[in-house]
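Only one structure is covered here, and it is reproduced in the block below.
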Amino acid sequence: MYRKHYGFNRHPFSKEIAHEDLFAAAGSKELQSRLMHLIEMRGIGLVTGDSGSGKTTACRKVIAELHPASHRIIYVPNSTGNVMDLYKSVAWDLGLPCERSRAALYRQIRTEVTRLVTEARCRPILIVDEAHHLRPDVLEDLRLLTNYQMDAENRLCLLLVGQSELRRRLAMSVYEALAQRIVVRYHLPGLTRDELPKYLEHLLKLAGVELSIFDAPAIEAVYGATQGLPRKVNLLCHHALLAGAASRSKTINIEHIQAAMTETN
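This note's numbering runs 17 ahead of the 1-based position in the sequence shown.
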């Protein structure tokens, strides 16, 4: 509805955006630096953040820039099952036939990881998204999956990505064995107040509009309502553009933001 009114060539706040076009926020840059260190060490990493902070998107940007011939990405988004469910997801992503027993699946995955490292000269990276849903026994098995040569060699890089509660869970004594092995921890913040106008201008420019159509009070209202969390920002701005187009306005003001907040609440 609003694309024609504002002259966009695409929806500016869609999640369908190429990794090279993602906005380079300070938090995302810091995460990228830490993840590259993690991949180099082949250790265990933990990325947390509030819902909508852009954790998965930031990780996607890092992974997309790795050389595909030297890195094997295993991405597991379904983290609500048991250990067998997790092992099956990993085996399927590795192109392995699924064994019926847990021990056989464990051995099969470890053998394939060893083959990738020693023969294919490839670095396997296991990314478990929505990891705050993982059961205690699954978290323990993930730790054991990284144990090679009697815990003397790192072959599998494991990255746990989840909401803030995961960080609090891993601080509990029952997870001490896993917590001691986490070499990179990062909590991804939202956009800062200074970054938000640049973020909006960046997305509008990608959609074919050079100048920001959000006035200063509207941008401040967006930040106050979303605390800079990109997914919340995108949703609120999408509805604000709908409200602006309905009123035939060429500028998004605080009244359009208030109307959008009514729609999203």
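Positions of the beta carbon are idealized from the N, C-alpha and C atoms, including for glycine. Computed from a prediction, not measured in an experiment: that's the story for all the values here.
Check	Outcome
Within 10 Å of its beta-carbon, does A185 have 16 or more other beta-carbons around it, so buried, or fewer, so exposed?	According to the sequence displayed, residue 185 carries Arg and not Ala. So R185 ends up on the exposed side.
Who does H88 pair with in a DSSP beta bridge?	R140
Just curious, the beta strand (DSSP E) that I61 is in, first and last residue?	I61 to G66
Need the endpoints of the beta strand (DSSP E) that G179 sits in, please.	C174 to G179
Which parts of the stretch 83-130 are runs of the beta strand (DSSP E), unbroken and 3 residues or longer, counting only runs that do not cross its ends?	88-93
Note down, in chain order, each residue of its chain lying with its Cβ closer than 8 Å to the Cβ of P153, except the 5 sequence neighbours on either side.	V191 and Y192
Suppose you measure from the CA of I274 to the CA of V239; what does that come to, to the nearest Å?	7 Å
According to DSSP, simplified to helix, strand and coil, what is R202?	strand
Rounded to whole angstroms, what's the CA-CA distance from Y123 to P141? Just pull it up for me.	15 Å
What did DSSP end up calling V226 once you bin it into helix, strand or coil?	coil
Kindly indicate which three-state DSSP category E147 falls into: helix, strand or coil?	coil
Measure the alpha-carbon distance for L48 versus I91 and round it to whole angstroms.	19 Å
What is the residue span of the alpha helix (DSSP H) that Y240 lies within?	A233 to T243
State the Cα-Cα distance for the pair R59 and H88, rounded to the nearest angstrom.	11 Å
For P206, does the count of other Cβ atoms within 10 angstroms reach 16, so buried, or fall short, so exposed?	buried
At the level of alpha carbons, what is the spacing between L156 and L195?	8 Å
So G179 and A224 are supposed to be a Cβ contact under 8 Å. How far apart are they, rounded?	G179 to A224, Cβ: 31 Å. No contact.
Please classify I34: does DSSP put it in a helix, a strand, or coil?	coil
Shortest alpha-carbon distance to L83 belongs to which of K222, Y203 and L52?	L52
Sorted by chain position, which residues of the same chain lie with C-beta nearer than 6 Å to L176's C-beta, five sequence neighbours on each side aside?	G62 and I144
Thinking C-beta only, is S70 closer than 8 Å to L246?	yes
Taking 6 Å as the limit between beta carbons, can you name the residues of its chain near D110, skipping five residues before and five after?	I91
Considering only residues of the same chain and omitting the five flanking positions on each side of A188, which have a CB-CB separation below 8 Å?	A196
Return yes when the Cβ of M278 is within less than 8 Å of the Cβ of A242, no when it is not.	yes
Please return the same chain residues whose Cβ sits closer than 7 Å to the Cβ of S106, not counting the five positions on each side in sequence.	V93 and N95
Considering only their Cβ atoms, is the gap separating E212 from A42 smaller than 8 Å?	yes
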